[in-house]
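Single-structure report; data block below.
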Amino acid sequence: MPETGPGSAGSRRTWLAGGAALLVALAVIIGIAVVRGGGDGDPSATSPSSAAPSPPPFPAAPVSHADVATLTVPEETRFAQSTFWAEAGTTYAVTMDLRSTKPEGSGGRSMYLGVTLSCSPQAGGPGISVGGTQNMLTGEETEYRNQGLISVPEDGPIDCSIKASAPYDDVASDGTTFAIDGTWRAEQAEDGATEAPEDGLPRNLADDAVDDVLLAEVPLEELGEGELRALASLHLTTCTIVNGSREDDRAWCSKDDLDEAGSTASVELRAELVDAGGEVCEVLGEETTEPDYIDLYRHHRLLSLELVETVPGTPCGDTVRVSASVHNDGPAPLVVHRSNSSLVVVGE
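Mind the numbering: the sequence shown is residues 0 to 347 in numbering that gives the first Met the number 0, read in order.
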């Protein structure tokens with residue numbers, strides 16, 4: 000009989016068949032492991048670090064929002080409401096530009112309108128509240144411009160809006176309906192962003208007085224190369240009545256100094272280079288408003304200026320000084336208010 004032991008041909012065939020089966024089983028197991036482990040088509044195989052970051056839920060700066068509102072005296076409204084996304088450690092310059100006109104044929108010679116730009120981080124913290132009050136004369140377009148700086152400690156949204164208010168019902172303009180065009184814009188302030196301190200405001204300027212009312216200084220190393228941009232808004236009232244120029248719970252116009260002829264005022268915005276000794280060594284530029292007549296009927300006035308100048312490549316000094324000054328041609332004294340007066344300087 001043929002041998003059937005371990006060394007026989009039959010046993011070798013049996014061993015080979017068993018080995019082949021084992022190899023097939025291993026291949027199947029490995030294939031299953033690969034599929035379960037995830038391939039190119041398996042979203043779960045993508046590591047968290049390689050996933051694309053989610054975009055912020057609101058637009059990032061630069062961003063602007065324009066809107067039109069209609070107001071009927073006495074009434075107030077909030078409009079141009081929108082939100083932008085702010086990054087931690089970044090300062091943003093937010094500007095407002097608003098225009099309105101008291102309609103021809105409406106009651107009275109003038110009509111009061113107060114406006115406020117408000118920007119607030121949703122997470123809380125310091126915000127912006129700037130604007131102005133003016134009496135609009137019939138048929139004349141009146142402009143409101145103001146600005147501020149804002150930043151957040153952590154990434155997050157900032158809500159901005161404009162409030163317009165004509166609240167008095169015992170006036171000749173009661174029932175007047177008029178339109179308001181408003182825009183606010185938020186931009187990253189790249190370098191050296193600063194706001195002038197409000198020390199010394201409010202203050203009273205006598206007839207024929209000239210005074211620097213806001214002053215900001217920025218080291219050149221913070222501005223870097225390029226341009227600087229300065230934005231100033233000054234809130235003024237003329238002393239035609241005692242209680243028309245109140246702030247800090249007091250009247251800033253003395254009864255003995257009143258003059259119903261009002262004031263003619265102009266504002267100058269000036270940028271200078273200052274050396275290590277504190278002396279001005281170069282004037283970078285200046286802008287001045289046209290003389291503006293603030294009479295009994297206008298009474299309030301918001302005068303604004305913008306200055307853009309190039310920083311020299313080889314400057315004579317190490318600091319840029321920007322000043323906003325007021326010249327009162329009289330005859331009435333003029334009040335420069337702290338509320339709604341601002342000077343912002345940023346690098347471009």
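Glycine is no exception: its CB is placed at the ideal position from the N, C-alpha and C atoms.
{"Asked": "Which ranges would you report for the beta strand (DSSP E) in the segment 191-225 if only whole runs of at least 3 residues count?", "Found": "202-204, 208-218"}
{"Asked": "What residue range does the beta strand (DSSP E) around G342 cover?", "Found": "The residue asked about is misnamed: residue 342 is Leu in this sequence, not Gly. Per DSSP, L342 belongs to the beta strand (DSSP E) from 341-346."}
{"Asked": "Leaving out five residues on either side along the sequence, give the residues of the same chain with a beta carbon under 6 Å from the beta carbon of R184.", "Found": "S63, T94"}
{"Asked": "Rounded C-beta distance between L204 and N327? I'm assuming under 8 Å.", "Found": "4 Å"}
{"Asked": "Give every residue of the same chain whose Cβ lies closer than 8 Å to the Cβ of E153, excluding the five residues on either side of it in the sequence, and list them in chain order.", "Found": "A87, A122"}
{"Asked": "Per DSSP, what are the beta-bridge partners of L333 in this structure?", "Found": "L204, T237"}
{"Asked": "Quick one: residues in its chain with C-beta nearer than 6 Å to the C-beta of D206, no 5 flanking neighbours on either side, listed in chain order?", "Found": "G329, P330"}
{"Asked": "Using the Cα positions of S172 and G191, report the straight-line distance between them to the nearest angstrom.", "Found": "45 Å"}
{"Asked": "Keeping to the same chain, check which residues put their C-beta closer than 8 Å to that of E285; ignore five residues upstream and five downstream.", "Found": "E267, L268, R269, A270, L306"}
{"Asked": "In chain order, what residues of the same chain have a beta carbon less than 8 Å from the beta carbon of P314, not counting five sequence neighbours either side?", "Found": "L219, L272, E281"}
{"Asked": "Which one or two residues does DSSP pair with H298 in a beta bridge?", "Found": "Paired residues: none, contrary to the question."}
{"Asked": "Can you give me the Cβ contacts of D256 inside the same chain, cut-off strictly under 7 Å, excluding the 5 residues immediately before and after it?", "Found": "C238, P332"}
{"Asked": "Could you compute how far the alpha carbon of L295 sits from the alpha carbon of G261?", "Found": "6 Å"}
{"Asked": "Going by Cα to Cα distance, which pick from S322, C159, I149 is closest to S81?", "Found": "C159"}
{"Asked": "Kindly list the residues whose CB is nearer than 7 Å to the CB of L21, restricted to its own chain and excluding five residues on each side of it in sequence; keep chain order.", "Found": "In this predicted model, L21 has a pLDDT of only 41, less than 50, meaning its place in the structure is not dependable; the value taken from the coordinates is given anyway. Cβ within range, chain order: n/a, list empty."}
{"Asked": "Apply the 10 Å Cβ neighbour rule to R320 and answer buried if 16 or more other Cβ atoms are within range, or exposed otherwise.", "Found": "buried"}
{"Asked": "Would you check whether the ligand NAP has a heavy atom nearer than 7 Å to the C-beta of D210?", "Found": "Summarising the ligand content, the structure contains no ligands, and the ligand NAP is consequently not present."}
{"Asked": "K162: buried (16+ other C-beta within 10 angstroms of its C-beta) or exposed?", "Found": "buried"}
{"Asked": "Can you have a look at R300 and say buried or exposed, based on whether 16 or more other CB atoms are within 10 angstroms of its CB?", "Found": "buried"}
{"Asked": "Which of helix, strand or coil does DSSP assign to D173?", "Found": "coil"}
{"Asked": "Below 8 Å between beta carbons: does that hold for L213 and A323?", "Found": "yes"}
{"Asked": "Would you list the residues sitting across from K101 in a DSSP beta bridge?", "Found": "T137"}
{"Asked": "Short check: CB of T69 to CB of S105, under 8 Å?", "Found": "no"}
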